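Report on the structure given below.
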Amino acid sequence: MAVYDRLPPGEQKLADTTLSRLNDLASYSATELALSAKVSKATAVRFFRRIGYQSFGQVRRQARAEAHLASPLYALAGINPKERATDALSKHVGSDIRNLTETFQRQDARQFERAVSLLAEAPRVRVIGMRNGQFVAQHAAYLLAQLRDDVASMPGASMTLAEDLASLDKRDVLVVVDFRRRAAMLPTIVNAARGLGVNLVFISGPGMSALSRPGDIALQCLTEGAAVFDSYVAAISIVNYLATAVAKQLEKHSRKRLEVIEALHESLEDLRP
987 MAVYDRLPPG EQKLADTTLS RLNDLASYSA TELALSAKVS KATAVRFFRR IGYQSFGQVR
1047 RQARAEAHLA SPLYALAGIN PKERATDALS KHVGSDIRNL TETFQRQDAR QFERAVSLLA
1107 EAPRVRVIGM RNGQFVAQHA AYLLAQLRDD VASMPGASMT LAEDLASLDK RDVLVVVDFR
1167 RRAAMLPTIV NAARGLGVNL VFISGPGMSA LSRPGDIALQ CLTEGAAVFD SYVAAISIVN
1227 YLATAVAKQL EKHSRKRLEV IEALHESLED LRP
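If you want it as structure tokens, here you go:
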């Protein structure tokens, strides 16, 4: 986000367009991207040079080389069927450890503090995630709902997106879990929430910041898997950390709510020892 904030407005528009097309970037020309972003070819040339590429051709070559990262189908082709299970397990664990370590090393503590304050103080908290982000979003909503009132996942079981959004305003928070192979409708939902003035907190993978803007909170986590599938260990850890920090900030309120929940579990007899 620091680089994004320093870009001229035209180059920010092109950055947004480029990031939103990462999954199939190699299929576009620089001219097509410039037209889509409604900027000039000269702006496109300056932008790609500014971020370290001599030409857009170099960008496309890198995109082709990394195309396998987007789909499990490509990753499956690289699996060695003769690899020993112990070696595969070692790579798997090592990859997750790197993701965890580097994710937290890269975080801005001020972003975490802002996120915790918003999640603790906002009247309403909503969480949305689709495809690979859905289970992380549901876990975040589950943890936060144990600590404070008025937390819910979006959309509801009846896909009531419009109704869900209509209840929110500038005092509220929408947590957006956004990983690669993004659902096509997610940008539309984010734009609608932004139009209502809702505070936005993003938990996303690298290169998925196209939806965030200056002023939003963007917590990026590494998701690179050791084999076929992406790993969301770091994302779950970030959610766990945020919820724990919210519990500390709310303190008495969270304790009282948890006591009520435990009492209800006993009366409902819905849990086994």
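Take any residue in the sequence shown, note its place counting from 1, add 986, and you have its number in the working numbering.
All residues carry an ideal CB built from backbone N, CA and C; glycine is no exception.
Quick caveat, the model's predicted, so the values are computed rather than measured.
Alpha-carbon spacing of residue 1163 relative to residue 1153, whole angstroms = Using only the alpha carbons, I get a separation of about 20 angstroms.
ask   = So, helix, strand or coil for residue 1190, using DSSP?
value = strand
query = Going by other Cβ atoms of all chains shown within 10 Å of its Cβ, with 16 needed for buried, is residue 1250 buried or exposed?
reply = exposed
request  = Flag this pair as yes or no: are the beta carbons of residue 1187 and residue 1161 separated by less than 8 angstroms?
outcome  = Yes, the Cβ-Cβ distance between residue 1187 and residue 1161 is below 8 angstroms.
request  = Taking residue 1205 as part of the beta strand (DSSP E), name the residues at either end of that continuous run.
outcome  = 1203 to 1206
message = Can you check which of these residues, 1017, 1015 and 1031, is closest to residue 997 by C-alpha distance?
response = 1031
task = Have a look at 1020, 1158, 1003 and 1105 and flag the residue whose alpha-carbon is nearest the alpha-carbon of residue 1180.
result = 1158
request  = Can you tell me which of the three DSSP states residue 1025 falls into?
outcome  = coil
query = Around the C-beta of residue 1075, are 16 or more other C-beta atoms found within 10 angstroms, so that it is buried, or is it exposed?
reply = exposed
task = Indicate the three-state DSSP secondary structure (helix, strand or coil) for residue 1160 in the structure shown.
result = For residue 1160, the three-state secondary structure derived from DSSP is strand.
inquiry  = If distances are taken between C-alpha atoms only, which option among 1018, 1027, 1105 and 1042 comes closest to residue 1203?
reply    = 1105
Residue burial classification, residue 972 (beta-carbon count within 10 angstroms, cutoff 16) = Outside the shown range of the chain, which is 987 to 1259, sits residue 972, and nothing can be said about it.
ask   = Whose C-beta lies closer than 7 angstroms to the C-beta of residue 1133 among residues of the same chain, with five residues either side of it excluded?
value = 1229, 1232, 1233, 1236, 1240 and 1243
request  = Could you pull the start and end residues of the beta strand (DSSP E) that residue 1115 belongs to?
outcome  = 1111 to 1115
ask   = What is the DSSP secondary structure of residue 1137, counted as helix, strand or coil?
value = strand
inquiry  = Need the endpoints of the alpha helix (DSSP H) that residue 1211 sits in, please.
reply    = Looking at the DSSP string, residue 1211 is not in any alpha helix (DSSP H), and its letter there is neither H nor E.
message = Taking 6 angstroms as the limit between beta carbons, can you name the residues of its chain near residue 987, skipping five residues before and five after?
response = In this prediction, residue 987 scores a pLDDT of 47, lower than 50, which makes its location untrustworthy; no coordinate-derived value is stated.
ask   = Closest to residue 1093 by CA distance: which of 1259, 1000 and 1191 is it?
value = 1191
key: Test item: CB-CB of residue 1147 and residue 1175 under 8 angstroms   = yes
key: Rounded straight-line distance, which links the Cα of residue 1082 to that of residue 1113   = 25 angstroms
message = Suppose the cutoff is 7 angstroms on Cβ atoms and the five residues either side in sequence are ignored; what does the same chain contact list for residue 1048 look like?
response = none
ask   = When you compare only the Cα positions, how much space is there between residue 1247 and residue 1208?
value = 34 angstroms
query = Who does residue 1185 pair with in a DSSP beta bridge?
reply = Bridge partners of residue 1185 according to DSSP: 1159.
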